[in-house]
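Notes to accompany the following structure.
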Amino acid sequence: MKKLLLVYLPFCTPASPPYSITNMYSFLKNNSSAEIDILDLNLEFHKLKFSKYQKYFQNSESWKDYEEVSKEYHRDTHKVYSENNKLVVANKKPEFFDELLDKITSRKPDTVAFSIVYSSQAFFVASMLKELKNVTTVIGGPAINSKLKKLADKTLNNELELLNFIEGNVEHDALNFNTVPDFSIYDLGSYFTPSPVIPLKTSSTCYYQQCTFCSHYSKVPYIESSLDLIKETILKSKQRYFFLIDDMIPKKRLLDLARLFTPLKIKWSCQLKPSKQLDLKTLKILKDSGLDLIIWGLESGNQRILDLMKKGTSIEDITSSLTNSHEAGIKNTVYVMFGFPTETQEEFKDTRDLLVKNEKCIDLISVSIFGLQKGTPVYNNPKLFGITKIIEEERTVLEPRITYEVSKGLSQKQATKLKNNHKKTFDRINKYPQAMNFFREHMLCVVE
Ligand code: SF4
């Protein structure tokens, strides 16, 4: 019998089990005659290197100095990740490489499939692909790149292609698509949270698909997963905390999910963009169903910038969504992006002012600086956004670094400087430790 091993490699935050390979594992178990195995080596690396933090984050009673310890964790991991990435670029093995390789080879697979969700995983994947000689290697996921494609035997787009690859051409009509991701296959008590937090994906992609800076949605159509299968996934996991990893969920669907979740007595979190549809009545229903935390794609407090981003929201939508959510008793985290091409200093201040005006309804701010991504509308039509030049700088493992020049507005450097100058204002608004932005799961499963 053929043996396929699904692997998730470092580096990303070990806060919850990986959704991608778990879903794939369960689909293949239903449809393949091969023996399917799975390994979260990202978790294994962090257990080996950062056991002190694992212990700390698992015991919330010791969290009196949470901000300090989390920042120290962030500094330490940043340093370790960066040093190991440099080793890979220099053609050397990263730390614990042999230990992790041994976990793969000791299972004696014929095929090893790596799921690459974040570009930060590319370095470890590159070094594994170079080392694994006597097995077939497969890569897939949103962060695959042309360098990794050259190293792997095969690049595949989804679980169906992987099934075809290991089985030969399968009869599509005979397949069982009732996939219930089984998270009980992991040692859930090992993740860096006081209680396990399960990632749930309830649809194929974002239904909105219009934001001009966004590269999250792929060309796949928006399809909602069956409510029965979502329920089965929750029941099978036997857990209480669920992080919905969908990029955006429409109101009708949120209400369907609320009806499903209410009797299950779970606590959940999701990502939304502000919308006038999210009135107080709706948000109260969601809260009653266990919705505890919303991560809002707020982006900007200036209408011209919101329109240029095609965010499909207004300043009034932002204010009413945050107010209603807060009144309903839900925690609000907001994503804000500075330095969108052509944004001026005054428009930056509009965002700061909007945050200050709504400060009583905001629990945590996550600030970022705009980065130009390949394949996005901004990248494809730079002139429309005042971009006069795109510069691509070749890199060893990752795709080229993209920088750009603008005809007007703030440069990335100026936006970063302004952001740093206003740090104290943002910190004052935060009701939860700023460092919880590295571990949003902690906001869900600890702070009641
Ligand atoms: S930013 Fe969010 S809402 Fe906008 S297209 Fe991307 S995933 Fe969808």
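Going letter by letter, the sequence shown gives residues 1073 to 1520 in my numbering. Positions of the beta carbon are idealized from the N, C-alpha and C atoms, including for glycine.
Check whether the Cβ atoms of residue i and residue j lie closer than 8 Å to each other.
i, j, result
"E1203", "S1105", "no"
"D1182", "V1207", "yes"
"T1251", "L1220", "no"
"T1488", "I1441", "yes"
"L1516", "F1315", "yes"
"D1425", "T1405", "no"
"H1118", "P1166", "no"
"K1101", "V1152", "no"
"D1330", "I1357", "Residue identity differs from the one stated: residue 1330 is Ala in this sequence, not Asp. Yes, the Cβ-Cβ distance between A1330 and I1357 is below 8 Å."
"V1518", "S1218", "no"
"T1416", "L1370", "no"
"A1224", "V1210", "yes"
"L1299", "K1323", "no"
"L1355", "I1390", "no"
"K1303", "L1332", "yes"
"E1466", "S1088", "no"
Could you give the C-beta distance for residue i and residue j, rounded to a whole number, given that I count them as a contact under 8 Å?
i, j, result
"L1344", "F1186", "Not really, about 31 Å apart at Cβ, beyond 8 Å."
"F1255", "I1270", "5 Å"
"T1305", "P1253", "5 Å"
"T1284", "M1381", "6 Å"
"F1510", "S1142", "6 Å"
"T1274", "D1318", "5 Å"
"S1267", "R1312", "7 Å"
"N1129", "T1265", "In the sequence under discussion, the amino acid at residue 1129 is Phe, which differs from the Asn named in the question. Right, the Cβ-Cβ distance comes to about 6 Å (below 8 Å), so this counts as a contact."
"E1107", "M1073", "5 Å"
"N1493", "I1437", "Rounded, the Cβ-Cβ distance is 15 Å, inconsistent with contact."
"K1432", "S1392", "Not a contact, Cβ separation roughly 14 Å."
"L1228", "F1237", "6 Å"
"G1213", "S1092", "6 Å"
"L1444", "I1474", "5 Å"
Flag residue i as yes when its Cβ comes closer than 7 Å to any non-hydrogen atom of the ligand NAP, and as no otherwise.
i, result
"T1405", "As presented, the structure is devoid of the ligand NAP, carrying the ligand SF4 as its sole ligands."
Original post:
Can you find at least 3 beta carbon pairs, one from the stretch 1106-1114 and one from the stretch 1282-1293, that sit closer than 8 Å?
Top reply: Below 8 Å, too few C-beta pairs join the stretch 1106-1114 and the stretch 1282-1293 to call them touching: fewer than three.
Original post:
Fully enclosed by the stretch 1302-1374, which alpha helix (DSSP H) runs are 4 residues long or longer?
Top reply: Correct list: 1323-1333 and 1352-1360.
Original post:
Closer than 6 Å from C-beta to any heavy atom of the ligand SF4: which residues, in chain order?
Top reply: Cβ atoms closer than 6 Å to the ligand SF4 belong to C1278, Y1280, Q1281, Q1282, C1283, C1286, H1288, Y1289, D1319, M1320, K1345 and G1369.
Subject >> Minimum length 4: unbroken alpha helix (DSSP H) runs contained in the stretch 1224-1272 >> reply: Runs of the alpha helix (DSSP H) lying entirely within the stretch 1224-1272, each at least 4 residues long, are 1231-1239 in chain order.
Original post:
In chain order, which continuous runs of the beta strand (DSSP E) of length 3 or greater are located wholly inside the stretch 1383-1464?
Top reply: Taking only runs of at least 3 residues, the beta strand (DSSP E) segments lying wholly in the stretch 1383-1464 are 1403-1410 and 1436-1441.
Original post:
With a cut-off of 8 Å, do at least 3 Cβ pairs link the stretch 1360-1373 to the stretch 1337-1346?
Top reply: Taking 8 Å as the limit for Cβ pairs, the verdict is that the stretch 1337-1346 does touch the stretch 1360-1373.
**OP:** Could you tell me which uninterrupted alpha helix (DSSP H) segments, each at least 4 residues in length, are contained entirely in the stretch 1088-1121, listed from first to last along the chain?
**Re:** Taking only runs of at least 4 residues, the alpha helix (DSSP H) segments lying wholly in the stretch 1088-1121 are 1091-1103 and 1113-1121.
Original post:
Are there three or more Cβ pairs, one per stretch, closer than 8 Å when the stretch 1411-1423 is compared with the stretch 1460-1471?
Top reply: As far as the Cβ criterion goes, the stretch 1411-1423 does not touch the stretch 1460-1471, which means the pair count is below three.
Original post:
So does the stretch 1367-1377 actually touch the stretch 1415-1430, counting three or more Cβ pairs closer than 8 Å?
Top reply: The stretch 1367-1377 vs the stretch 1415-1430: in contact.
**OP:** Could you tell me which uninterrupted alpha helix (DSSP H) segments, each at least 4 residues in length, are contained entirely in the stretch 1118-1147, listed from first to last along the chain?
**Re:** Fully enclosed alpha helix (DSSP H) runs of 4 or longer: 1123-1130.
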